[in-house]
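Number of protein chains: 2
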Amino acid sequence: MDLTGFRAALGDIPIEDHPKLVQQKSRDHYWYSPILKAQLDQVTADLVVMPRSVEDVVTVLAAAYKFDVPITPRGAGTGNYGQAMPLAGGAMLDLKNMDKVLEIKPDRVRAEAGAIMVKMDEETKAAVGAELRFHPSTYRMATIGGFIAGGSGGIGSVRWGGLRNLGNILGLKIVTCEETPRVLDIAGADIMKLAHAYGTNGIIVEAEMPLAPAYDWVEVVVGFDEFLDSCRYAEALAGQDGILLKEISPVAAPVPYDYFGRYRDFLRQDQSVVLIMVAPNSVDALTLFTSHHGGEILHRSDVNDLDAAGRKLPPIYEFTWNHTTLRGLKIDSTITYLQTQYPTLEHLEKIHRMLGDEMPMHIEMTRFDGRIVFSGLPIVRYTGEERLEEIIRLHEENGCLVFNPHRYTLEEGGMKQTDRAQLAFKKEADPKGLLNPGKMIAWDDPDFDFDSGRVWLFAGLAEQARGAA
Amino acid sequence: MDLTGFRAALGDIPIEDHPKLVQQKSRDHYWYSPILKAQLDQVTADLVVMPRSVEDVVTVLAAAYKFDVPITPRGAGTGNYGQAMPLAGGAMLDLKNMDKVLEIKPDRVRAEAGAIMVKMDEETKAAVGAELRFHPSTYRMATIGGFIAGGSGGIGSVRWGGLRNLGNILGLKIVTCEETPRVLDIAGADIMKLAHAYGTNGIIVEAEMPLAPAYDWVEVVVGFDEFLDSCRYAEALAGQDGILLKEISPVAAPVPYDYFGRYRDFLRQDQSVVLIMVAPNSVDALTLFTSHHGGEILHRSDVNDLDAAGRKLPPIYEFTWNHTTLRGLKIDSTITYLQTQYPTLEHLEKIHRMLGDEMPMHIEMTRFDGRIVFSGLPIVRYTGEERLEEIIRLHEENGCLVFNPHRYTLEEGGMKQTDRAQLAFKKEADPKGLLNPGKMIAWDDPDFDFDSGRVWLFAGLAEQARGAA
Numbered sequence: 001m002d003l004t005g006f007r008a009a010l011g012d013i014p015i016e017d018h019p020k021l022v023q024q025k026s027r028d029h030y031w032y033s034p035i036l037k038a039q040l041d042q043v044t045a046d047l048v049v050m051p052r053s054v055e056d057v058v059t060v061l062a063a064a065y066k067f068d069v070p071i072t073p074r075g076a077g078t079g080n081y082g083q084a085m086p087l088a089g090g091a092m093l094d095l096k097n098m099d100k101v102l103e104i105k106p107d108r109v110r111a112e113a114g115a116i117m118v119k120m121d122e123e124t125k126a127a128v129g130a131e132l133r134f135h136p137s138t139y140r141m142a143t144i145g146g147f148i149a150g151g152s153g154g155i156g157s158v159r160w161g162g163l164r165n166l167g168n169i170l171g172l173k174i175v176t177c178e179e180t181p182r183v184l185d186i187a188g189a190d191i192m193k194l195a196h197a198y199g200t201n202g203i204i205v206e207a208e209m210p211l212a213p214a215y216d217w218v219e220v221v222v223g224f225d226e227f228l229d230s231c232r233y234a235e236a237l238a239g240q241d242g243i244l245l246k247e248i249s250p251v252a253a254p255v256p257y258d259y260f261g262r263y264r265d266f267l268r269q270d271q272s273v274v275l276i277m278v279a280p281n282s283v284d285a286l287t288l289f290t291s292h293h294g295g296e297i298l299h300r301s302d303v304n305d306l307d308a309a310g311r312k313l314p315p316i317y318e319f320t321w322n323h324t325t326l327r328g329l330k331i332d333s334t335i336t337y338l339q340t341q342y343p344t345l346e347h348l349e350k351i352h353r354m355l356g357d358e359m360p361m362h363i364e365m366t367r368f369d370g371r372i373v374f375s376g377l378p379i380v381r382y383t384g385e386e387r388l389e390e391i392i393r394l395h396e397e398n399g400c401l402v403f404n405p406h407r408y409t410l411e412e413g414g415m416k417q418t419d420r421a422q423l424a425f426k427k428e429a430d431p432k433g434l435l436n437p438g439k440m441i442a443w444d445d446p447d448f449d450f451d452s453g454r455v456w457l458f459a460g461l462a463e464q465a466r467g468a469a
Numbered sequence: 470m471d472l473t474g475f476r477a478a479l480g481d482i483p484i485e486d487h488p489k490l491v492q493q494k495s496r497d498h499y500w501y502s503p504i505l506k507a508q509l510d511q512v513t514a515d516l517v518v519m520p521r522s523v524e525d526v527v528t529v530l531a532a533a534y535k536f537d538v539p540i541t542p543r544g545a546g547t548g549n550y551g552q553a554m555p556l557a558g559g560a561m562l563d564l565k566n567m568d569k570v571l572e573i574k575p576d577r578v579r580a581e582a583g584a585i586m587v588k589m590d591e592e593t594k595a596a597v598g599a600e601l602r603f604h605p606s607t608y609r610m611a612t613i614g615g616f617i618a619g620g621s622g623g624i625g626s627v628r629w630g631g632l633r634n635l636g637n638i639l640g641l642k643i644v645t646c647e648e649t650p651r652v653l654d655i656a657g658a659d660i661m662k663l664a665h666a667y668g669t670n671g672i673i674v675e676a677e678m679p680l681a682p683a684y685d686w687v688e689v690v691v692g693f694d695e696f697l698d699s700c701r702y703a704e705a706l707a708g709q710d711g712i713l714l715k716e717i718s719p720v721a722a723p724v725p726y727d728y729f730g731r732y733r734d735f736l737r738q739d740q741s742v743v744l745i746m747v748a749p750n751s752v753d754a755l756t757l758f759t760s761h762h763g764g765e766i767l768h769r770s771d772v773n774d775l776d777a778a779g780r781k782l783p784p785i786y787e788f789t790w791n792h793t794t795l796r797g798l799k800i801d802s803t804i805t806y807l808q809t810q811y812p813t814l815e816h817l818e819k820i821h822r823m824l825g826d827e828m829p830m831h832i833e834m835t836r837f838d839g840r841i842v843f844s845g846l847p848i849v850r851y852t853g854e855e856r857l858e859e860i861i862r863l864h865e866e867n868g869c870l871v872f873n874p875h876r877y878t879l880e881e882g883g884m885k886q887t888d889r890a891q892l893a894f895k896k897e898a899d900p901k902g903l904l905n906p907g908k909m910i911a912w913d914d915p916d917f918d919f920d921s922g923r924v925w926l927f928a929g930l931a932e933q934a935r936g937a938a
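Residue numbers (my numbering), protein chains in the order written: chain A, 1 to 469; chain B, 470 to 938.
Next comes the structure, spelled out in structure tokens:
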């Protein structure tokens, strides 16, 4: 790594090298996980580069290739798995200056990778009355490029599935890291090579996304005495084809009362809730359906969107997905979380009864290949890595999936196998392995045995840890 | 029945009493069924009344009550079950003069009952870029009131389910048949009392319907060598949450070649097809998905929408739902059809292998309580009533539902049980039983045993048949 040569080759492209600021930009929300916090706390880049255009990105990647500088791309740094943390140092590629919406059509939008999702929606709503199909709970901060590279789904996934479902990304423009970087337009099946690859095999600089009709979504909180009743209701509601919903999230007591301070005036501590976003033309049907299912409507944003102190409540999506955990961490920094999937209510019930308040349940109803499933983001009252592993094992032994959010590699956080297409494309697009090193086990350690039960450790990270110690 | 008094009470409300024209307006598409054709061929009203307003309808129903005149409401008469046929004579209530769109909002539309659905969509598209969630294949003729009173679902039901799903009708205005008819606004749970009640318990005069975003739907015909492969593909396609579709209909060979003349230049006789309507932003994903599943794209309206003679093809929806059968009947008047539901591909396969070309399959993929199911509208090569009953029995014995389209009563065509809420409401809204007599068994014959295997016969119809003979 020749940082002096690299910096000289950047010309007038803005950089930042103040160590404190570089460290800030080297971090994401990895601290959700006590395990990642311990592993990654020392991680920092050497500098931050802030390209303003595709041409700038080409210049940066040519220089990286020439001077062997690792490049870790960053959107808003709202990921939770160290996706955007520079395990081998080098340069952060901060795409915040590339934030323009480039083209809006009635059914699609094209934007630069650094465009912030809520701002994209503001523009498309004004232009064509449409919005992105789904977004993470970090909607007001997250960038479209970061979401595609490091995310999977979110608010809207109950209707549209996830980012990796065919049709949910229409096209990407990427830049490769070669002697002469190529700018490639990616469409069709090739999109899957780049989505959720953490930027390991090409830098996403533009994305074209399908739009859905925009509504002034009504936010509704429904209360239940029993958490399992709230899940039964949520599943049945998700199956109501005539009720247009963007979000359905059951959250078990005492999480809502204990962690959602702004909701306290309409909640009891022993109440479980379902957080809902519904289209205005479906509110009446939702109300009727809710009364049939014995749910109590505790809050409706179309009736009152203020808290007891008369302040406007935060958007309901900022109580869902990873924000549920975030609000918990603000109250109790000892908790952590898991990412799970329960194929049926029976699976969910079994695990819930088994773990009780050690793992207060938080479910996101999602569509997965056309079926409605319970995606879990349960809170875990953390007592150590060993017990956490045991909880994961309990899930797996009972037919429930775990996507481990306490791992920084693509494979260990995901399907525990190599994505051959992603790997093959990395060989073409990043022959020196400079893009986000240490995130794709298959690149560094092709023979790693995922059945070994061993956690993989990136060698470069071990060195960096020794250096810092 | 005092027709003279009735006519005098109508004032200046337009009527028609030329017997040929009255007979025309007394018929729907009952002739799809050889059984209904034999039963109902003699049915005719005494006159047709054509109200121009809610006030006119009130006047007509007050007169009907006073002079004991049966009233059978009619939209465009595109139903197939004799829904709109006056089994006890009296007056047809033709709502064609009440065809105004009353109010358009971004997410809903309110129209008079006689508004033609395609025209409603033209207005809402122009005003707010939105359209009805679904419509029958008779879109260009059918009225919204007729659809609600006598229909169930159609093009769009693969996404939104059916009319009786909560949220798919927002409100109705109806007129009761009493000494002083009441004009009632119906919302919430009460809507289910009126939907698919054939106008037996109130005359629908206005409807408020939710809108979905309008797209320039791309029409695609995909070919398969094996019908079951086309169904496997269709089911998997319906489960692609990221691909926005409005219609998926697998049709078994030789139906497409034999009955869809305008499609012949791109079809082989032994090819089964899937008829698809897809949003423009999902065409690329559909194409990719189709190639993964070994389907051959035979036609795309965004590439060419002309037949071999250079004429514009009819809209693809006029090859689906009841139009498939209609096109068949034009070529071979001896065929008929059934309405079925196959819970899984295995059920469908079993029946298909059992009946083969005696019952060429035609499937409509629909959502039913959140699940994707195979709704069937198979062609039946008719050899008599006895064999038809046997085919129905074969379905039921193998766990497949049949909604018998060869029956004119609500119960026998539907769930073979009384809808208590519909019946209770009829007692309030039509105490003399003048609205569409003979369609609700529970009214005329509360003790009828649906398990008897007997077909119910409306006494008034028997009288009318004797009168005509």
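Glycine included, each C-beta is placed from N, C-alpha and C at the ideal position.
Given the structure is predicted, the values throughout are model-derived calculations rather than measurements.
M354 of chain A and G376 of chain A have their alpha carbons spaced roughly 15 Å apart. Each of A:P70, A:A88, A:A126, A:S152 was checked against the Cα of T78 of chain A, and the nearest Cα belongs to A:S152.
Taking a 10 Å sphere around the C-beta of H292 of chain A, we find fewer than 16 other C-beta atoms and assign the residue as exposed. Note on geometry: alpha-carbon atoms of I861 of chain B and A149 of chain A lie some 53 Å from one another.
Not a single CB atom of chain B sits nearer than 7 Å to the CB of W456 of chain A.
R367 of chain A and K799 of chain B have their C-alpha atoms spaced approximately 42 Å apart.
Interface annotation for the segment 278-293 of chain A against chain B: A279, P280, N281, S282, D284, A285, L288, F289, criterion Cβ-Cβ distance under 7 Å. Rounded to the nearest whole angstrom, the CA to CA distance from G202 of chain A to G413 of chain A is 20 Å.
Taking a C-beta cut-off of 8 Å against chain B, the contacting residues of the segment 181-211 of chain A are A187, G188, A189, P210, L211, listed in chain order.
Spatial neighbours of P503 of chain B in its own chain (CB-CB distance under 7 Å, excluding positions within 5 residues in sequence) are listed in chain order as T805, Y851. The segment 818-901 of chain B is shown to contain whole beta strand (DSSP E) runs of 3 or more residues at 832-837, 840-845, 848-850, in chain order. DSSP, reduced to helix, strand and coil, places Q810 of chain B within a strand of the structure shown. With a 10 Å radius around the Cβ and a threshold of 16 neighbouring Cβ atoms, S26 of chain A comes out buried. Each of A:D430, A:L306, A:G156, A:E235 was checked against the Cα of V183 of chain A, and the nearest Cα belongs to A:D430. A straight-line Cα-Cα distance of about 21 Å links S282 of chain A and G370 of chain A.
Of the residues assessed, T541 of chain B falls on the buried side of the cut-off, its CB having 16 or more other CB atoms within 10 angstroms. M359 of chain A counts as buried, since at least 16 other C-beta atoms from the protein chains shown sit within 10 angstroms of its C-beta. In chain order, V175, C177, P181 place their CB closer than 6 Å to the CB of L61 of chain A, counting only its own chain and leaving out the 5 sequence neighbours on each side. Taking 7 Å as the cut-off, the Cβ atoms of Q240 of chain A and L767 of chain B do not count as close. Using beta-carbon distances, R300 of chain A does not count as an interface residue toward chain B, since no partner is under 7 Å. Along the segment 697-709 of chain B, going in chain order, the ones with a CB nearer than 7 Å to a CB of chain A are A707, G708, Q709. Rounded to the nearest whole angstrom, the CA to CA distance from E247 of chain A to F319 of chain A is 11 Å.
In the same chain as A187 of chain A, and ignoring 5 residues on each side of it, the C-beta atoms closer than 6 Å to its own belong to G171, in chain order.
For L163 of chain A, the closest of A:Y139, A:I191, A:K173 by C-alpha to C-alpha distance is A:I191. No Cβ of chain B is located within less than 7 Å of the beta carbon of I363 of chain A. In the structure shown, G5 of chain A falls within a helical segment according to DSSP collapsed to helix, strand and coil. Here S718 of chain B carries a strand assignment [DSSP, helix/strand/coil]. For the C-beta of P405 of chain A, not a single chain B residue is nearer than 7 Å; the gap to the nearest is close to 23 Å.
Within chain A, D107 have C-beta atoms less than 7 Å from the C-beta of Y684 of chain B, given in sequence order. In the pairwise beta carbon analysis, the segment 776-794 of chain B is classified as touching the segment 728-738 of chain B: at least three pairs are separated by under 8 Å. F368, D369, G370, R371, I372: these are the residues of the segment 368-380 of chain A whose beta carbon lies less than 9 Å from some beta carbon of chain B, given in chain order.
Those residues of the segment 606-630 of chain B placed with their C-beta closer than 9 Å to a C-beta in chain A are S626, R628, W629, G630, ordered along the chain. Between M50 of chain A and P86 of chain A the beta-carbon gap is near 15 Å, outside 8 Å, which marks them as no contact.
Per the coordinates, the alpha-carbon of G328 of chain A lies some 51 Å from the alpha-carbon of V690 of chain B.
Chain B places no beta carbon closer than 7 Å to that of L132 of chain A, leaving this residue out of the contacts.
Straight-line measurement puts the Cα of R923 of chain B at about 18 Å from the Cα of L863 of chain B.
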